[in-house]
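Visitor:
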Amino acid sequence: MIRELRQAPPDASTHRNGPACGERELMLAVLEDAIRCLAGEIGPTRERPQLAAEAREWVAAGDARWPFSFDNLCDGIGLDAGSLRERLLRNAPVIPFAGGQPTAVRRARRDRPAEDDIVKMIRSGQPLRVVAETFGISVSKVSILSCGLASRLKAERDEEIRSLRQAGWTHRALAAHFGLSRIRILRICARREEREEDSRTAA
24 MIRELRQAPP
34 DASTHRNGPA
44 CGERELMLAV
54 LEDAIRCLAG
64 EIGPTRERPQ
74 LAAEAREWVA
84 AGDARWPFSF
94 DNLCDGIGLD
104 AGSLRERLLR
114 NAPVIPFAGG
124 QPTAVRRARR
134 DRPAEDDIVK
144 MIRSGQPLRV
154 VAETFGISVS
164 KVSILSCGLA
174 SRLKAERDEE
184 IRSLRQAGWT
194 HRALAAHFGL
204 SRIRILRICA
214 RREEREEDSR
224 TAA
């Protein structure tokens, strides 16, 4: 499955050294981590059932409201979210909890990562994988815990892109500056135009 993800053909903007190549690699890393969690390949043996359950919950959720949701990652990589979700949930093994009891009780005693700590690490530019290793959790779990932060950061970035576009920046310059594809820049800028059109229509 992971090999298939790596072989998925990227578009021109994400190929090799394209402006969004790093973004695609991050998306792949989160998906790969979730797949390995589902298979029970990540984390201490006693915690693998819990990690598998968390990954299953993330894959099953049909939430496209925040950047690192399963649906958005699949869309960014060019995969069909529905088809991949069905395959993953169908083929994922059942990882039994030791003694028939979920490890969530034991894990609850560990201090939950404070949002402030996650905020500092992500804002400093640390990859999600590094954040995950620091707190001893999976990348997909970090994405879940930081969903509010990720959404805020994305909203701030998108607003800056729109402001610079209004100031005269070209789509190409914006793509190079933010490390995104021109297609994504066009979509971000189009959202403001849609909102303005809706406002005029409502008036």
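Taking our numbering, I'd label the letters of the sequence shown as residues 24 to 226. Where a beta carbon is used, it is the ideal one built from N, C-alpha and C, also for glycine. Note that the structure is predicted; figures quoted are calculated from it, not measured.
Considering only the beta carbon of each residue, do ILE100 and GLY63 sit closer than 8 Å?
Guide: Within the sequence shown, the letter at position 77 stands for residue 100. Within the sequence shown, the letter at position 40 stands for residue 63. Cβ atoms of ILE100 and GLY63: not closer than 8 Å.
Visitor: For the alpha helix (DSSP H) that GLU109 lies in, which residues bound it at each end?
Guide: Position 86 of the sequence shown, counted from the start, is the residue given in the question as residue 109. Where GLU109 is concerned, the enclosing alpha helix (DSSP H) stretches over 104 to 114.
Visitor: Are the CB atoms of ALA52 and VAL162 nearer to each other than 8 Å?
Guide: Residue 52 sits at position 29 when you count from the first residue of the sequence shown. Residue 162 sits at position 139 when you count from the first residue of the sequence shown. For ALA52 and VAL162, yes; Cβs fall inside 8 Å.
Visitor: Excluding the 5 residues flanking ALA198 on each side, which residues of the same chain have their C-beta closer than 7 Å to its C-beta?
Guide: As a position in the sequence shown, residue 198 is number 175, starting the count at 1. Closer than 7 Å at Cβ, skipping near neighbours: PRO42, SER204, ARG205, ILE208.
Visitor: Can you give the Cα-Cα distance for ALA35 and GLY202, rounded to whole angstroms?
Guide: Walking along the sequence shown from the start, residue 35 turns up at place 12. Walking along the sequence shown from the start, residue 202 turns up at place 179. Note on ALA35: pLDDT 42, under 50, position unreliable in the model; the coordinate value appears next. Using only the alpha carbons, I get a separation of about 13 Å.
Visitor: Looking at the secondary structure, which residues open and close the alpha helix (DSSP H) in which THR193 lies?
Guide: Locating residue 193 in the sequence shown gives position 170, where the first residue counts as 1. Here THR193 belongs to no alpha helix (DSSP H), and DSSP marks it neither H nor E.
Visitor: Between which residues of its own chain and HIS194 is the CB-CB distance below 7 Å, once the five residues before and five after are set aside?
Guide: Along the sequence shown, read from residue 1 onward, the residue named residue 194 stands at position 171. These residues qualify, in order along the chain: ARG205, ILE208, LEU209.
Visitor: Are there 16 or more other CB atoms within 10 angstroms of the CB of SER106, so buried, or fewer, so exposed?
Guide: Here residue 106 is taken as the residue at index 83 of the sequence shown, counted from 1. It is exposed - the Cβ of SER106 has fewer than 16 other Cβ atoms within 10 Å.
Visitor: For a test of the three-state rule: what should DSSP assign to ALA35, helix, strand or coil?
Guide: If you number the sequence shown from 1, residue 35 lands on position 12. Its pLDDT being 42, under 50, ALA35 is placed unreliably in this model, and the value from its coordinates should be taken loosely. DSSP places ALA35 in helix when its eight states are reduced to three.
Visitor: Using only the alpha-carbon positions, how far apart do VAL165 and GLY191 sit?
Guide: Numbered from its first residue, the sequence shown carries residue 165 at position 142. Numbered from its first residue, the sequence shown carries residue 191 at position 168. Cα to Cα, VAL165 sits roughly 36 Å from GLY191.
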